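One structure is given below, encoded as structure tokens.
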Amino acid sequence: MPLPKAELHLHIEGTLEPELAFTLAHRNGITLPHPTVQDLRAAYSFTDLQSFLNLYYELMDVLRTEADFTDLANAYLTRAAAQGVRHAEIFFDPQAHTSRGIPLDTVVNGLAAALDTSLRDHGISTALILCFLRDRPASEALHTLHQARPHLHRISAVGLDSAEVGHPPQNFTAVFAAARDLGLRCVAHAGEEGPPSYIWQALNLLHAERIDHGIRALEDPDLLAHLARTQTPLTVCPLSNVRLRAVPTLAQHPLPALLDAGLLVTVNSDDPSYFGGYVHDNYEALRTHLGLDEATLRQLARNSFTASFLPPERKKALI
Ligand code: ES4
Ligand code: ZN
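Start counting the sequence shown at 18; every next residue gets the next number (our numbering).
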């Protein structure tokens, strides 16, 4: 049986499996540029983050209606339950939908229909994290935050994702300040492809409470010491890092070095449909390719609850 765990770094749009993409394309009268599921899967060969994002944004065009977003989230929650997930903090990318004419209400209401029944149907408590696309203007992010105001009771936090290099966290300082003023928690992708300075900016300027990826922290001893002292969680995604060539092989993944440095490391799946595995598959890959022992895997699963935004009582019940 997979260990009970929380998933803290999961893009719901990155759970779109090719089979569901074809079903939704058919339902919505869309022709995909890839004629078969096999052709589509063959396109899942990436050289870096941007090469993945190109396909990720292309394929989400099949998501049009509330029911599409509900089906997407239900498919994820069904798989997550089988992987031992008891709590999921789920990213979504509003601008990737509003920019192609899908109203934010459609996205949030569709996702919420699945999330609202998730504890009952799948034994998984959930939270939503609204991500801003860092490769689009900060003014658009601020507008998105404003559009989300009627839905804030459903949203726990804001995040920052998409193409990292050349789009530093400092560009979003005012947006994150506005989000904090609305009572939202803050996380940010940093140090996936970008330098350690982006992690410092996420901490000091955005007041990020968790760093998504953060693997390049290893290049800065002062940053490593800071992350260890403050026990700021990293949401690490091993299969993602290898597929996007941030790390050459699983055997060379820096997760053990981050643990040795005393950091609060968690294991997550990122975009599981694209990267070859869901969250338990990531744990198994660490066992197989890095030789992590049972005690370490258990510690990683415990860390996932510790690093979550769950209230202390549910945390205690789950750890
Ligand atoms: C993402 Cl792996 C990754 N990095 C940054 N942004 C993303 N959005 C979806 N997956
Ligand atoms: Zn991510």
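Each residue gets a CB set at the ideal place from its N, CA and C atoms; glycine is no exception.
Since the model is a prediction, treat every value here as computed from it, not as a measurement.
- request: Using alpha carbons as the reference points, say which of 170, 151, 78 and 137 lies closest to residue 126.
  value: Closest in alpha carbon position to residue 126, among 170, 151, 78 and 137, is 170.
message: residue 272 and residue 303 - do their beta-carbons sit closer together than 9 Å?
response: Yes, Cβ-Cβ distance for residue 303 and residue 272 is below 9 Å.
query: Run through DSSP, which three-state label would residue 207 get?
result: strand
- request: Return the Cβ separation of residue 108 and residue 141 in integer angstroms, given the expectation that the two are a contact with Cβ distance under 8 Å.
  value: Not a contact, Cβ separation roughly 15 Å.
- prompt: Can you find at least 3 beta carbon pairs, one from the stretch 25–39 and one from the stretch 286–305, that sit closer than 8 Å?
  reply: yes
task: Use the C-beta contact count for residue 172: other C-beta atoms within 10 angstroms, 16 or more gives buried, fewer gives exposed.
output: buried
message: I'd like to confirm something about residue 290: is its beta-carbon nearer than 8 Å to some heavy atom of the ligand ZN, or not?
response: no
- request: Step through the CB atoms of chain D and report whether any lies within less than 9 Å of the CB of residue 326.
  value: The structure shown contains no chain D; it holds only a single protein chain.
- prompt: DSSP state of residue 20, grouped into three classes?
  reply: coil
- request: Confirm the yes/no value for this check: CB of residue 28, any heavy atom of the ligand ES4, distance under 8 Å.
  value: yes
Residue interval of the beta strand (DSSP E) (run including residue 173): 172–178
message: Taking a contact to mean a Cβ-Cβ separation below 9 Å, would you say residue 309 touches residue 322 in this structure?
response: no
Backbone CA spacing between residue 111 and residue 330 [nearest angstrom]: 31 Å
- request: Tell me whether residue 326 sits in a helix, a strand or coil according to DSSP, three-state version.
  value: coil
task: State whether the stretch 71–88 contacts the stretch 42–57, with contact taken as three or more CB pairs (one from each stretch) at a distance under 8 Å.
output: yes
task: Please name the residue, chosen from 268, 79 and 197, that lies closest to residue 226 on a Cα-to-Cα basis.
output: 197
task: Give the straight-line distance between the Cα atoms of residue 182 and residue 241, rounded to the nearest whole angstrom.
output: 21 Å
task: Note down the Cα distance separating residue 92 from residue 62, rounded to an integer number of angstroms.
output: 23 Å
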